[in-house]
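Below: one structure, written as structure tokens.
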Amino acid sequence: MPERFEALYNNPHAAGVFYIWGHSFEFHDKNDWAGLERIYKPLAGKPDVWYCTNIELFDYEAARQRIVLAANRASAFNPSGTPVTLKLDERLFDVPSGQTVSLAV
């Protein structure tokens, strides 16, 4: 799993969510806490990665879906209370909550 994360993390064209789901009992029952560390240690501490809970991801995706993109793709409006980052034509745009931003070059 860390290898898949690194492949995506090091790809400048990749964007999206790397989601890990599981239960701690799966490691507790096997007494394999070192296995848990082998998975998470390589993924941790990246300053440009947003680590979030399930509800934070749900809320962010809901805000992202509410973005209003102009028909000519010249601007984006974020009606939500959550700032959103858009990737459009290989460029990243921060769209603060309640604001419209220009997407022009």
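So our numbering is basically just the index in the sequence shown, starting at one, shifted up by 524. All residues carry an ideal CB built from backbone N, CA and C; glycine is no exception.
Alpha-carbon spacing of residue i relative to residue j, whole angstroms
| i | j | result |
| --- | --- | --- |
| Glu-550 | Glu-561 | 13 Å |
| Pro-536 | Leu-612 | 13 Å |
| Phe-529 | Trp-545 | 14 Å |
| Tyr-564 | Pro-526 | 8 Å |
| Tyr-575 | Asp-583 | 14 Å |
Top-ranked residue by Cα proximity to residue i, from the options
| i | options | result |
| --- | --- | --- |
| Ala-595 | Tyr-575, Leu-627, Phe-582 | Leu-627 |
| Ser-604 | Thr-624, Leu-567, Val-573, Ala-531 | Thr-624 |
| Tyr-533 | Leu-567, Ala-558, Ser-548 | Leu-567 |
Assumed close pair residue i, residue j - CB separation to whole angstroms, cut-off 8 Å
| i | j | result |
| --- | --- | --- |
| Val-608 | Ala-587 | 5 Å |
Buried/exposed call for residue i, threshold 16 Cβ in 10 Å
| i | result |
| --- | --- |
| Ala-600 | buried |
| Val-619 | buried |
Bridge partner(s) assigned by DSSP for residue i
| i | result |
| --- | --- |
| Ala-600 | Leu-593, Val-625 |
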